[in-house]
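**Q**
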Amino acid sequence: MYIHPDIQERVQLLFDSAQKNMGDTLGIAYTSFKKKEVKATMPVDERTVQPFGVLHGGASVALAETLASIGAWLNLDRDDRTAVGIEINANHIRPVKKGTHVHATATAIQRGRNIHVWETNIWTPSDKLVCVSRCTLAIVGKS
């Protein structure tokens, strides 16, 4: 796993404070953390397929929002604020059969004081595009 030196402490805080969450349930494994980019893989298995044995679109969207949210949070300079999704869309381009995995890259498009926009691309192991998603996140105070 690659972690950019500028955000090592922030990533460690994420891992130290994280409770069991959807990413754990779906088997998301992080592979790279940078200020403008987060990467991960996700299995295509019984946790992430729909009844016809292919990757569920909702699992792709959950992967996309997870990476976008973490990416936005890594850019915050105050611990009393967090990033929450306020809009997400996804274009599902091709099916992926059960028994493999996908890999994803979330990239910052806009990192403002109150709004972030991130794009996530998801691919097959042979780098065929599976899904393109865009997520808008609000930067809000923790309650």
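For the sequence shown, the working numbering assigns the number 270 to the initial residue and increments by one for each residue that follows.
Here a beta-carbon is modelled for each residue, glycine too, at the ideal position from N, C-alpha and C.
1. With burial defined as no fewer than 16 other Cβ atoms inside 10 Å of the residue's Cβ, what is the status of Arg279: buried or exposed?
2. Which ranges does the alpha helix (DSSP H) cover as unbroken runs of at least 4 residues, wholly within the segment 270 to 317, from first to last along the chain?
3. Within the segment 357 to 403, note down every full beta strand (DSSP E) run reaching 3 residues or more, in order along the chain.
4. Ordered along the chain, which non-local residues of its own chain (more than five positions away) have a Cβ less than 8 angstroms from that of Thr310?
5. Restricting to Cα atoms, I'd like to know which of Ser412, His385 and Pro394 is closest to Ile355.
6. If you follow the alpha helix (DSSP H) that Leu332 is in, where does it begin and where does it stop?
7. Could you tell me the alpha carbon to alpha carbon distance between Trp342 and Gln288, rounded to whole angstroms?
**A** Concretely, from the data shown:
1. Here residue 279 refers to the residue found at position 10 of the sequence shown. So Arg279 ends up on the buried side.
2. 277 to 286 and 291 to 295
3. 369 to 380 and 384 to 392
4. The sequence position of residue 310 within the sequence shown is 41, counting from 1. Contacts found: Ile297, Ala298, Thr300, His370, Val371, His372 and Ala373.
5. Within the sequence shown, the letter at position 86 stands for residue 355. That would be His385, whose Cα lies nearest to the Cα of Ile355.
6. Position 63 of the sequence shown holds residue 332. Note, Leu332: alpha helix (DSSP H), Gly326 to Leu343.
7. By 1-based counting over the sequence shown, the position of residue 342 is 73. By 1-based counting over the sequence shown, the position of residue 288 is 19. Between Trp342 and Gln288, the C-alpha separation is close to 16 angstroms.
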